[in-house]
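*Asks:* Mind having a look at this structure? Questions to follow.
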Amino acid sequence: MGNYTELFVRLELRKDAPEAVLAALAAYSRGEPDLPRGLADHEFFDSPDWDRVLSMGDYVTPTAQQPVQFWMDEVDNPDQWRLIVHCSAKNYHGSFEKFLDWIIPYADARPGEFLGYVLNEDNADELRLIFYPPADRRYLTVVETSPGGCGIVIDGEVETPQRELEAQSAINRGEYH
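Following the working numbering, the numbering of the sequence shown begins with 374 at its first residue and continues without gaps.
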């Protein structure tokens with residue numbers, strides 16, 4: 374059956390996002406992925422599953438929505454494109470990470486803003502949070518332990534219970550990204 378990974382990302386796009394990016398996201402949201410001219414040079418589009426990796430509904434934490442939602446927010450923020458991706462796939466080629474590398478530069482977000490998460494079904498206790506802007510430490514890995522456990526693990530470092538508050542403060546300040 375295979376190992377599935379869940380991706381959830383929610384963002385607004387910059388107003389200067391290229392038309393080719395908007396066209397690619399619109400095609401994905403219709404369930405008809407297409408490679409507009411000018412996008413083939415990104416590593417995401419070299420992935421063997423780029424055209425279907427975002428198309429599968431989410432089986433880890435299922436919702437009734439389409440895997441890719443892309444729309445112009447004409448009510449709350451006119452002329453602002455919004456994107457929500459909530460899907461699951463066998464992420465053997467690292468396609469989710471490549472997708473994030475491709476789309477995050479077009480995000481209209483504040484430094485340290487939470488954008489989403491990546492969760493593997495076989496390691497559901499480990500959650501990788503995604504923050505803006507892209508940096509060496511874009512992902513923050515959080516592992517919760519049971520009460521009385523050793524604390525949380527952030528980027529592979531065990532945090533003691535007394536340091537949990539410091540770690541949470543750092544997260545809130547956007548120092549982990």
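All residues carry an ideal CB built from backbone N, CA and C; glycine is no exception.
Small disclaimer: the values here were computed from a predicted structure and weren't measured.
Are there 16 or more other CB atoms within 10 angstroms of the CB of P391, so buried, or fewer, so exposed?
*Replies:* As a working mapping, residue 391 is identified with position 18 in the sequence shown. Exposed, by the Cβ-count rule.
*Asks:* For N376, which residues in the same chain have their Cβ closer than 6 Å to its Cβ, ignoring the five residues on either side in sequence?
*Replies:* Working through the sequence shown from its first residue, we reach residue 376 at position 3. Excluding sequence neighbours, N376 sits near D495.
*Asks:* Do you know how far the Cα of G404 is from the Cα of G485?
*Replies:* Locating residue 485 in the sequence shown gives position 112, counting from the first residue. Locating residue 404 in the sequence shown gives position 31, counting from the first residue. Near 31 Å, if we compare the C-alpha coordinates of G404 and G485.
*Asks:* For P421, which option in V394, H459, L500, Y465 has the closest C-alpha, if you only look at C-alpha atoms?
*Replies:* Numbered from its first residue, the sequence shown carries residue 421 at position 48. P421 has its Cα closest to that of Y465, out of V394, H459, L500, Y465.
*Asks:* For V482, which residues in the same chain have their Cβ closer than 8 Å to its Cβ, ignoring the five residues on either side in sequence?
*Replies:* The count along the sequence shown starts at 1 and reaches residue 482 at position 109. In the sequence under discussion, the amino acid at residue 482 is Ala, which differs from the Val named in the question. Around A482: L384, E385, L488, Y505, P506.
*Asks:* Classify S428 as helix, strand or coil using the three-state DSSP reduction.
*Replies:* Against the sequence shown, residue 428 aligns to sequence position 55. Coil.
*Asks:* Taking the alpha-carbon of G411 as reference, which of M429, Y401, A397 has the nearest alpha-carbon?
*Replies:* Numbered from 1 along the sequence shown, position 38 holds the residue referred to as residue 411. Closest option to G411, Cα to Cα, is A397.
*Asks:* What does the Cβ neighbour count give for K388, buried or exposed, with the cut at 16 atoms within 10 Å?
*Replies:* Start at 1 with the first residue of the sequence shown, and residue 388 comes out as number 15. Counting Cβ neighbours within 10 Å, K388 comes out exposed, since fewer than 16 surround it.
*Asks:* Need the endpoints of the beta strand (DSSP E) that S314 sits in, please.
*Replies:* For residue 314 there is no data in the structure shown, the boundaries of the chain being 374 and 550.
*Asks:* Would you kindly check if the distance between the Cβ of A400 and the Cβ of P406 is under 7 Å?
*Replies:* In the sequence shown, residue 406 corresponds to position 33, counting from 1. In the sequence shown, residue 400 corresponds to position 27, counting from 1. In contact: P406 and A400 (Cβ atoms closer than 7 Å).
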